[in-house]
Each structure stands twice: as structure tokens, then as C-alpha cells.
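Only one structure is covered here, and it is reproduced in the block below.
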Amino acid sequence: WRDSGVVGWGYEDVLPYFKKSERNKNTDMVEPEYHGFDGPVSVQRFAHRPEMAESIVQAGAELGYRTGDLNGHNQTGFSIAQVMVDGGLRMSTSRAYLRPAHDRPNLFVKINSRVTGLVLNKLNNRVQGVKYVDQYGEHMVRARKEVILSAGVVGSAHLLLVSGIGPAEELLRAGVTVFQDLPVGRNLQHHVSVSVASTVNASEEAHYLTMDAVSEFLATRTGPLASTGLTQTTGFLTTSYSVDGVSSIFLDIQWNLDNSNLYRL
């Protein structure tokens, strides 16, 4: 972000905030200088994993790849991924931040509403509020201090563009008054995904949706249904197509694995 001209958003600038949010429970497998251990967001490996997951990681080790912390100094290698989960359930932003604060007198969550644009002050070039619509019509909320725009990759860019912040030529072509000529949306990227299927003769049962598994999850939030099966296994690699070949520090491929049963009749 800093390389794109956003002052204060370099790696060293934002790392303390990532660490502050994290409560990593696998302290024995991570590099502590890159992780937090007292934050509200629980991060850990699933307690349940199929045997094949361990076999794949071991195969990576036999090929010479790392199998440690993939969110530390070096991301290359294979590992059982850490995920945001707590008590067998997904750890969401709502669970980590909103629910503990829902009784605060200065917090109000407006549901069934959609933000339609930003309220801009042309005198000081600042955002001073938002416009939104609900079942009663359009409304405006003004901020005393600041507006935090967090509407997702597409949603944030959309709100900026319809509010007049973006490439001037495109805004004028769409009939939007230009407030700031900035390259909003120009660096949007999406990962290419390719599926490769393999058949494995394995004695391990891959079908986890049994009544025993359901009962275990409902009673204790543990067992196969409290994990994602083989998909928790991942790998980050550098191919010969990367920036400067196999010695590049920039990884250009990620492995995600999944499993399913194949029955022959």
C-alpha cells in the first residue's frame, strides 16, 4: 500500500495492528514476532484433521519444502493452515468486536440499510458523512470525527466512484461530478483458479456427514464437522514463471486441497 503512495500503510506501519487483533493459540508453531496472542480474534488450527492432510504436509517436507509457519518471515511451503475459529465455530468480526461492545451507549448498528454515497466537503476535501436508504427513504448521517469506509473490495470502490472520487475521465463519462481525480479500482485483481483431480486408494473414510458426527458437533462443537476436512491443507510455492525464477521471494501459486468420495458400482 505504501508503494502505491499511501503514507502510513507500509508493512512496518500496519503489522502492529494485525498483531493487536490476533489471539493465536498455536504458540508452539508460529514465529512470535509476526503474531499476536492477546487480541480478540482467535486464530488456530482445527482440532480435527484427516490423516491425508498430515500425509500431504509430510510429502511436501520430503520434497524439501518448509512445513512451519506460513504467516511468518517465509511463506513458502506446505502446512495445516491456521484459521479464525473459536470453540468449533467461525470467529467472525461480529463475534470478535461487535458482540462484546453491543451494550456501549455510543454504538448503534443500523440494520436493513444500504449506504448510497459519501457526504463530501469541498472546502477541506474531507468526507464528513454518508447517505443511506432504508424502508423509510433516504437519510444522511454526519460524522463528528471521521468516516471509516469498509464496504469490501468492490463495495468500497463503488461508493468512492459514485461519490465522485475516481478516474476523472470515467466519472465524467458516467455523468458523475468529479471531486477527486484518483485511480480508484485500477488495481483490482482476481486469482485464477484451476482444478486438478487425482484418485487415491485410501482406507480412511472421507465421508464425514454421519449422524454420529452431527451429534458430536451439536453436543461439543468438536469432531469432523468442526473442521473443513482436507481443505485445511495448503501450500505456497514459487514457479519458474515468477518474477525472477525459482529464487524469487514473490510466491505466485497457492495449493488448496479438497476431497470427495468416488464409489464404483
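Numbered by the UniProt record's numbering, the letters in the sequence shown go through residues 1 to 265 in order.
Where a beta carbon is used, it is the ideal one built from N, C-alpha and C, also for glycine.
Point to revise | Pick from L15, M52, F46 that is closest to H35, judged by C-alpha positions | key: The candidate whose alpha carbon is nearest that of H35 is L15.
Check your understanding: Hey, D258 and T231: beta-carbon distance below 8 Å or not?
Key -> Contact flag set, yes.
Practice item. Can you give me the Cβ contacts of N121 inside the same chain, cut-off strictly under 7 Å, excluding the 5 residues immediately before and after it? Key: Q128, listed in sequence order.
Exercise for review: On the DSSP bridge assignment, give the partners of D134 in chain order.
Suggested key: In the DSSP assignment, the residues bridged to D134 are G137.
Practice item. Could you pull out every residue in the same chain whose Cβ sits closer than 6 Å to the Cβ of V147, ignoring the five residues on either side in sequence? Key: Around V147, the same chain offers V127 as residues with beta carbons nearer than 6 Å, after the five sequence neighbours per side are excluded.
Exercise for review: Can you tell me which of R173, A197, N26 puts its alpha carbon nearest to the alpha carbon of N71?
Suggested key: Looking at the Cα atoms, N26 is the closest of the given residues.
Exercise for review: Can you tell me which of the three DSSP states V214 falls into?
Suggested key: DSSP places V214 within a helical segment (H, G or I) once states are collapsed to three.
Check your understanding: For the segment 150–180, which segments carrying the alpha helix (DSSP H) assignment without a break, of at least 4 residues, lie completely within its bounds, in sequence order?
Key -> Secondary structure remark: continuous alpha helix (DSSP H) runs of at least 4 residues inside the segment 150–180, in chain order: 152–162, 168–173.
Exercise for review: Pull up the distance between the alpha-carbon of V133 and that of A59, whole angstroms please.
Suggested key: Their Cα atoms are separated by approximately 54 Å.
Practice item. Just the C-alpha distance for V246 and S240, rounded to the nearest angstrom, thanks. Key: Caution is warranted here: a pLDDT of 48 is assigned to V246, below 50, making its placement in the model unreliable, and no coordinate value can be reported.
Check your understanding: Quick one, which of G77, S260, M84 has its alpha-carbon nearest S198's?
Key -> For S198, the closest C-alpha among the options G77, S260, M84 is that of S260.
Practice item. Taking all protein chains shown into account, decide if A174 is buried (16 or more other Cβ within 10 angstroms of its Cβ) or exposed. Key: The residue is exposed, with fewer than 16 neighbouring Cβ atoms inside 10 Å.
Practice item. Over the uninterrupted alpha helix (DSSP H) stretch that includes F236, give me the two end residues. Key: It is not in any alpha helix (DSSP H) - F236 instead sits in the beta strand (DSSP E) that spans 233–237.
Review point. In the structure shown, what three-state DSSP assignment does D3 receive?
Key: The DSSP-derived three-state label of D3 is helix.
Check your understanding: Apart from the five residues on each side of it in sequence, which residues of its chain come closer than 7 Å, Cβ to Cβ, to I165?
Key -> For I165, where only same-chain residues beyond five positions count, the Cβ hits under 7 Å are F179, Q180, L182, V184.
Practice item. Use the C-beta contact count for I111: other C-beta atoms within 10 angstroms, 16 or more gives buried, fewer gives exposed. Key: By the neighbour-count rule (16 or more Cβ atoms within 10 Å), I111 is not buried but exposed.
Review point. When the distance is taken between beta carbons, is L161 closer than 8 Å to L171?
Key: Taking 8 Å as the cut-off, the Cβ atoms of L171 and L161 count as close.
**Study point:** P224 versus E62: straight-line alpha-carbon distance, rounded
**Key:** Roughly 27 Å separates the two Cα atoms.
Check your understanding: How far does the alpha helix (DSSP H) with S55 in it reach, from first residue to last?
Key -> 51–62 is the extent of the alpha helix (DSSP H) around S55.
Review point. What is the DSSP secondary structure of E33, reduced to helix, strand or coil?
Key: Looking at E33 - three-state DSSP - the assignment turns out to be helix.
Check your understanding: So M91 packs on V41, CB below 8 Å; how close in whole Å?
Key -> Indeed they touch by this definition, with Cβ atoms about 6 Å apart.
Review point. Since D38 and R49 are thought to touch, with beta carbons under 8 Å apart, how far apart are those beta carbons, to the nearest angstrom?
Key: For a cut-off of 8 Å, the C-beta gap from D38 to R49 is around 26 Å, too long to register as a contact.
Review point. Tell me, which residues are paired with L120 by DSSP?
Key: L120 is bridged to V127.
Check your understanding: By DSSP, does L230 sit in helix, in strand, or in coil?
Key -> The answer is helix: DSSP assigns L230 an H, G or I state.
**Study point:** Between the CA atoms of S156 and M140 - distance to the nearest angstrom
**Key:** So the alpha carbons of these two residues sit roughly 18 Å apart.
Practice item. Starting from E12, follow the alpha helix (DSSP H) in both directions and report where the run begins and ends. Key: Taken as a continuous stretch (DSSP letters only), the alpha helix (DSSP H) holding E12 covers 11–21.
Check your understanding: Would DSSP call S79 helix, strand or coil?
Key -> If DSSP states are grouped into helix, strand and coil, S79 belongs with the strands.
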